[in-house]
Amino acid sequence: MQSYANPLLVLPDRPLPRSVAVIGAGTIGPDIAYYLKAAVPGLKLCIVDVVQEAVDRAVRRLHDHARKAVATGRMSQAQASRISENVVGTLDYGAIADAEWVLEAATENLHIKQTIFERVEAIVSPRALITSNTSSLPAEQMFDALRHGERATITHFFTPAWKNPVVEVVRWRGVDSSVVEYLRWLFCFTGKVPLETADVAGFMLDRVFTNWCNESALMLDRATAPEIDRVSHEFVHAGPFSVLNLTRGNPIMIAANTLQARLEGEHYLPASIFGSVDRWVDAVPGGSGPLSADAAEAVRERLLGILFSQSMDIVDRRIGEPADLELGCRLALGFKKGPFEVMNGLGEEMTRRLLDRLSEERPGMPTQKRPFAAYQDFLRHVLVDEVDRIKVITLRRPEALNALHDDMTDEILSVIRRYESDADVKGFVIVGYGRAFCAGADIGRFPNVLGDPEACIRYAHDCSRLLRHLDGMAKPVVAALNGMCLGGGFELAMRCHAIVAVDSAWMQLPEITLGIVPGIGALVVPYRRWPKAAAIFDDLLRRAERLTAKHAHELGVIDAIADDYAGLLALALERVDTISGHVKKIAEGPVSIPALTPVEPKAANGDRLSSEVIGIMEKAVRDAAAASTFADALEVGYRAFARSACTAAAKEGVAAFQERRRPDFTNTP
Ligand code: COA
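Here the numbering used here is used: the sequence shown runs in plain steps of one and ends on residue 656.
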């Protein structure tokens, strides 16, 4: 079966499961069960263990999750009830006979796991999937004895499994590739971020995590656990010892590093202190301690050394893709930046120095094998696939619903530039990963430019490099909206040469709710491209109304609508073919637009808005329509963005988003 970087590009060879069994009633088993129940409607779920009390506790934990989701407004009572029904806790393996997927999350012990798989295989159908949540044991050791090992692999979740999006999916020697593709599809389809890894001890992310923790423990002769945690806060949200406390991870550390030492060399042996300590003394983030600056620097360097050593090794041995490692470290392990981003920030010389020092202190640890630049040569924010000679570019920043920033748009542009004069490539499709096409420009980057008009204009120009390139292209680029398409994401879609969408997709220009105006085309393009929809865009802009895919289709903004992701891709590919050779340019000269009807400064949801910013927006729409060239019209938009970004409303709107509260524009004009 063909494999794609974007897991949703495969056509799954089986439907979503109707019956799943989770073996193991510890903490992670019920958390995985809860995720599955929330993600797969109507699922029958069985939790199996050997102790009735543990089973009861696990079922209670699942119900508690659902109750909490209702109490915190994350879920309706009806959804929670659906999650809580059809859940069985049992000691009887006979109850799992109809399971289409058995997910083992029992004790981290090879013999126990092998015994479980043997029992499971005797009961379930030969086609039922069998997966293990082991964090370190290679698949080959666990599944080699199975009669149908080709349907078995590792699906490794991270704590808390109901919420942490990352799941490692292991491609081992004996597994059928269709099983790996199906699991990647299923996880992505249900809101997780599957990362494929090779079948080695610790897979990808635990090699980073356990060695980071082991190295920390080996440094306890130089600094205390709280001190090491504190030094690590430069790179991670929670220090190694506080994570080990939280996850009760000491026994796992011993198991994982002993295994790695057995398979890969004694330098991986766990620090002996793991056997004698139950709980580390917690560090208070941000607190200060007596550690000298030199000692703190030595700890910092060693932590970075091990992080770089493991990361380079993972990439050199093709255990995982560098972009997946970056993403996994951030999403699953709580790193503030991916390891290659940290390396890039420090530069080649410093990276080499840290690795040399690690090699001296920890002989045998992997080190740099290729030129520094080779480790930096990968796309971080987009996935690229080829289907029917069309390049499919998938926006992948799941932590920010694929929000765009200049590095990301530059990556998209680099892919387009690389292939646009390749005669074998017919065109491009841009689609989103997960539930969003794109949630707009990355609001996190706004504070750097707010209040500085020149910086704002530069920022708008930088963000527009891709869009200006699209304007001039002859080869088609089709936007495939798989979900919400907001702000800058909508501005990107507007500049693609056709737009298709799933029927649940929706569009919005929410900038006015942030106290700013959309600066890179939304004040200009709709009036030139879809003049009949001018009045609708007036409201989208000034009231942040939502536009459904169906309505957009009626208006001619969207060319075609699909039922699901697979249908969407098919439509997008077809569209590339249809418009090939007929890519339309956006109107160059001035355009006439209907007079803007006055509006109350109120958003569609009733929230008060800034009249000043609405005024900036209206003037820009009029000036842009009257501009003699399209380029001049865009410039009007950039300047209007800059003007809006210097208002008190912008300060309030952006701060409110970052503080996760509703903006209060009552004291802004
Ligand atoms: N820039 C940066 N981060 C963004 C983002 C953006 N445009 N849109 C969403 N995110 C982040 C959120 O901050 C959140 O991060 P966190 O988990 O670290 O807090 C994450 O993506 C998920 O978003 P969340 O708000 O939890 O999801 P939701 O389903 O409740 O709401 C939206 C989705 C899109 C309605 C909401 O995120 C939103 O209003 N985003 C801003 C959209 C916008 O104004 N875009 C135009 C920018 S010019």
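For every residue, glycine included, the Cβ atom is placed at its ideal position computed from N, Cα and C.
Fair warning: this is a prediction, and the values are worked out from it, not measured in the lab.
- According to the DSSP secondary-structure assignment, L116 is paired through a beta bridge with W88.
- DSSP, reduced to helix, strand and coil, places W159 outside both helices and strands of the structure shown, so it counts as coil.
- A distance of 8 Å or more separates the beta carbons of E127 and R171.
- Shown here, F652 sits in coil according to DSSP, grouped into three states, outside any helix or strand.
- Under DSSP, the beta-bridge partners assigned to V369 are L382.
- Note: K31 is bridge-paired with S6 in the DSSP secondary-structure output.
- Between V(-3) and E168, the gap from beta carbon to beta carbon is short of 8 Å.
- The closest CA to that of L250, considering only F190, I260, E137 and S298, is found on F190.
- Excluding sequence positions up to five before and after V37, its CB lies within less than 7 Å of the CB of L78, all in the same chain and listed in chain order.
- Relative to the ligand COA, P28 has its C-beta separated by 7 Å or more from all heavy atoms.
- A straight line joining the alpha-carbon of D281 with that of L(-5) spans about 49 Å.
- At least one heavy atom of the ligand COA lies closer than 7 Å to the C-beta of G475.
- For G321, same chain residues with a beta-carbon under 6 Å away, outside a window of 5 residues either side, are V223, H224 and A225 in chain order.
- The C-beta of M337 has fewer than 16 other C-beta atoms within 10 Å across all chains shown, which makes the residue exposed.
- Across the structure, N592 and R529 are spaced so that their CA atoms are roughly 12 Å apart.
- Contact check for E599 and A574: beta-carbon distance about 30 Å, past the 8 Å limit, so the pair fails to qualify.
- Distances from the alpha-carbon of Q495 to those of R482, V641 and I523 put I523 closest.
- Not one heavy atom of the ligand COA is found less than 7 Å from the C-beta of G161.
- Closest by C-alpha distance to R304, out of S615, R357 and K324, is R357.
- In this structure V268 is exposed. Its beta-carbon is surrounded by fewer than 16 other beta-carbon atoms within 10 angstroms.
- Beta-bridge partners assigned by DSSP to Q495: L473 and R533.
- In the three-state scheme derived from DSSP, where H, G and I count as helix and E and B as strand, T184 is classed as strand.
- As DSSP reads the structure, G414 sits in a beta bridge with I377.
- Membership of I215 in the alpha helix (DSSP H) is indicated by the continuous run A212 to S219.
- Here G431 carries a helix assignment [DSSP, helix/strand/coil].
- Beta-bridge partners of C425 (DSSP): C472.
- Following the DSSP letters along the chain, one finds A549 inside the beta strand (DSSP E) bounded by residues A547 to A549.
- Remark: the C-beta of A92 is outside contact range of the ligand COA, defined as less than 7 Å to any heavy atom.
- With contacts defined by Cβ atoms closer than 8 Å, L342 and G414 do not form a contacting pair.
- By the Cβ neighbour-count rule, T653 is exposed, with fewer than 16 other Cβ atoms within 10 Å of its own.
- Here the region 185 to 203 lies against the region 293 to 301, with 3 or more beta-carbon pairs under 8 Å apart.
- Counting only runs that start and end inside the region 18 to 63, the beta strand (DSSP E) elements of at least 3 residues fall at 31 to 35.
- Here H540 is not bridged, per DSSP, to any residue.
- Selection E221, D409, E541 and R340 evaluated against K323 yields E221 as nearest (Cα-Cα).
- When secondary structure is reduced to three states using DSSP, T140 falls in the strand class.
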